[in-house]
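The structure appears right after this line, and notes come after that.
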Amino acid sequence: MGSSLDRRVFLPYTSAKKFFNIQRFSGLVMKAKESESVDSAMKRVELSLLRDLDNDQFTVISQKDLLSSFSSILSTITLGIGAIAAISLLVGGIGIMNIMLVTVTERTREIGLRKAVGATPNNIALQFLIEATSLSVLGGLIGILLGVITANLIRIYGNFDAALPLWSILLAFGFSALVGIAFGTYPALKAAKKDPIEALRYE
Numbered sequence: 000m001g002s003s004l005d006r007r008v009f010l011p012y013t014s015a016k017k018f019f020n021i022q023r024f025s026g027l028v029m030k031a032k033e034s035e036s037v038d039s040a041m042k043r044v045e046l047s048l049l050r051d052l053d054n055d056q057f058t059v060i061s062q063k064d065l066l067s068s069f070s071s072i073l074s075t076i077t078l079g080i081g082a083i084a085a086i087s088l089l090v091g092g093i094g095i096m097n098i099m100l101v102t103v104t105e106r107t108r109e110i111g112l113r114k115a116v117g118a119t120p121n122n123i124a125l126q127f128l129i130e131a132t133s134l135s136v137l138g139g140l141i142g143i144l145l146g147v148i149t150a151n152l153i154r155i156y157g158n159f160d161a162a163l164p165l166w167s168i169l170l171a172f173g174f175s176a177l178v179g180i181a182f183g184t185y186p187a188l189k190a191a192k193k194d195p196i197e198a199l200r201y202e
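Below, the structure is given as C-alpha cells:
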C-alpha cells in the first residue's frame with residue numbers, strides 16, 4: 000500500500016520512548032493464537048483498553064474488517080469506472096454512427112451505381128456494417144495497445160505489479176466489435192434502402 004518493508008524498523012517500545020521521546024502510541028497490532036478466537040480476542044482487547052480510555056478514543060478492528068472496507072471501496076471504484084466506460088462507449092458509438100451517416104450521404108451515387116449493376120440491399124448493408132465495425136475495432140485495438148504500454152510502464156517504473164490478463168483484452172476487443180455492429184446497423188440499413196434511380200440522380 001505504498002510503504003516499503005525495507006524501510007520498516009522494529010524496536011522495543013521502551014527504546015522508542017527513550018530515544019525518540021514517544022509518549023503515546025497511534026496503534027497496536029496484535030495476533031490471536033487461533034483464527035477462530037479473533038472475535039474473543041478483540042473483545043478482550045477492547046475491555047483492556049476501556050480501563051484507561053473512553054469508548055470514543057479508540058477503535059478495535061480486525062483484518063476481516065479491513066478487507067471488508069477495501070472490498071467496499073474497490074466495488075465503488077469499479078462501479079465508477081464502469082459508468083465512465085459505458086458513457087465512453089455510448090459517445091464513441093454515436094460518433095461512429097454520425098460518421099457512417101455522413102459517409103452514406105457522400106457515397107449516395109456509389110450506392111446507386113452498385114445497385115444498378117446488381118448489388119442487393121443486403122450487399123450494401125453488409126458493406127457499410129463491415130466498415131463501421133472495422134472503424135470501431137481499430138479504435139479498440141488502439142485502446143488495447145495503449146493499455147498494454149501503460150501496464151508495462153507501471154510494471155517497470157512503478158511499485159505495482161500491473162497485469163493485463165488475456166480475458167480483458169478479448170473482452171475489450173469484443174465490446175469494440177459490438178459497438179461497431181450496434182451503432183453501424185442504422186446507417187447500413189439507410190444505405191440499403193436507397194432507391195437506385197434517386198441515388199444515381201443525387202448531386
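In the working numbering, the protein residues as written are 0 to 202. Think of the CB as a built atom: it goes at the ideal place given N, C-alpha and C, for glycine as much as any other residue. Computed from a predicted structure; not experimentally measured.
Where the alpha helix (DSSP H) containing residue 201 begins and where it ends: Counting from 1 along the sequence shown, the entry for residue 201 is found at position 202. Taken as a continuous stretch (DSSP letters only), residue 201 belongs to no alpha helix (DSSP H), as it is neither H nor E.
Using the Cα positions of residue 197 and residue 118, report the straight-line distance between them to the nearest angstrom. For the purposes of this step, residue 197 is taken as residue 198 along the sequence shown, with counting starting at 1. For the purposes of this step, residue 118 is taken as residue 119 along the sequence shown, with counting starting at 1. Cα to Cα, residue 197 sits roughly 16 Å from residue 118.
Whose CA, out of 105, 45 and 88, lies closest to the CA of residue 182? What you label residue 182 is simply residue 183 of the sequence shown in a count that begins at 1. For the residues 105, 45 and 88, the minimum Cα distance to residue 182 belongs to 88.
I think residue 93 touches residue 190, with their Cβ atoms under 8 Å apart; what is that distance to the nearest whole Å? Numbered from 1 along the sequence shown, position 94 holds the residue referred to as residue 93. Numbered from 1 along the sequence shown, position 191 holds the residue referred to as residue 190. At roughly 18 Å, the Cβ-Cβ gap does not stay under 8 Å, so residue 93 and residue 190 are not in contact.
Segment contact, 8 Å Cβ cut-off, at least three pairs: the region 68-87 with the region 146-163: no
Spatially closest choice to residue 129 from 171, 105, 159 and 176, by CA coordinates: Taking the sequence shown and counting its residues from 1, the one referred to as residue 129 is at position 130. Among 171, 105, 159 and 176, the Cα nearest to that of residue 129 belongs to 176.
Where does residue 171 fall in DSSP's three states? On the sequence shown, position 172 is the one that residue 171 refers to. It is helical.
Would you kindly work out how many angstroms separate the C-alpha atoms of residue 60 and residue 85, rounded to a whole number? The count along the sequence shown starts at 1 and reaches residue 60 at position 61. The count along the sequence shown starts at 1 and reaches residue 85 at position 86. So the alpha carbons of these two residues sit roughly 37 Å apart.
Exposure label - residue 135; buried when at least 16 CB within 10 Å: Start at 1 with the first residue of the sequence shown, and residue 135 comes out as number 136. Buried, because 16 or more other Cβ atoms sit within 10 Å of the Cβ of residue 135.
Measure the CB-CB distance between residue 199 and residue 108 and report whether it falls below 8 Å. If you number the sequence shown from 1, residue 199 lands on position 200. If you number the sequence shown from 1, residue 108 lands on position 109. Yes, they are a contact pair.
Once the 5 residues before and after residue 21 are set aside, which same chain residues still bring their CB inside 6 Å of it? Residue numbering aside, residue 21 sits at position 22 when the sequence shown is read from its first letter. Excluding positions up to five away in sequence, the list reads 15.
Distance between residue 139 and residue 133 (C-alpha atoms, nearest Å): Here residue 133 refers to the residue found at position 134 when the sequence shown is read from its first residue. Here residue 139 refers to the residue found at position 140 when the sequence shown is read from its first residue. Cα to Cα, the separation comes out at about 10 Å.
Can you tell me where the alpha helix (DSSP H) with residue 153 in it begins and where it stops? Translated into positions along the sequence shown, residue 153 becomes position 154. Start and end: 120-156.
Just confirm the distance between the C-beta atoms of residue 100 and residue 186, as a whole number of angstroms; I'd bet it's less than 8 Å. Within the sequence shown, the letter at position 101 stands for residue 100. Within the sequence shown, the letter at position 187 stands for residue 186. Correct: roughly 5 Å between the Cβ atoms.
Within 10 angstroms of the Cβ of residue 193, are there 16 or more other Cβ atoms? Answer buried if so, exposed if not. Taking the first residue of the sequence shown as 1, we reach residue 193 at position 194. Buried, since its Cβ has 16 or more Cβ neighbours within 10 Å.
State the CB to CB distance for the pair residue 115 and residue 195, rounded to an integer number of angstroms; the pair is presumed to be in contact (CB under 8 Å). Translated into positions along the sequence shown, residue 115 becomes position 116. Translated into positions along the sequence shown, residue 195 becomes position 196. 5 Å between Cβ atoms; contact.
Could you tell me which of 97, 137 and 80 sits nearest to residue 173, measuring between CA atoms? On the sequence shown, position 174 is the one that residue 173 refers to. It is 137.
For the alpha helix (DSSP H) holding residue 63, just list the boundary residues, first then last. As a first step, residue 63 must be located in the sequence shown, where it is residue number 64. Taken as a continuous stretch (DSSP letters only), the alpha helix (DSSP H) holding residue 63 covers 62-105.
Which class does residue 110 belong to by DSSP, given the choice of helix, strand or coil? As a working note, residue 110 is residue 111 in the sequence shown. The answer is helix: DSSP assigns residue 110 an H, G or I state.
In the DSSP assignment, find the unbroken alpha helix (DSSP H) run with residue 38 in it and report its ends. Looking up residue 38 in the sequence shown gives position 39. It spans 37-48 - the alpha helix (DSSP H) in which residue 38 sits, taken as one unbroken run.
To the nearest angstrom, report how far apart residue 28 and residue 171 are at their CA atoms. Residue mapping note: residue 28 aligns to position 29 of the sequence shown, counting from 1. Residue mapping note: residue 171 aligns to position 172 of the sequence shown, counting from 1. For residue 28 and residue 171, the distance between alpha carbons rounds to 43 Å.
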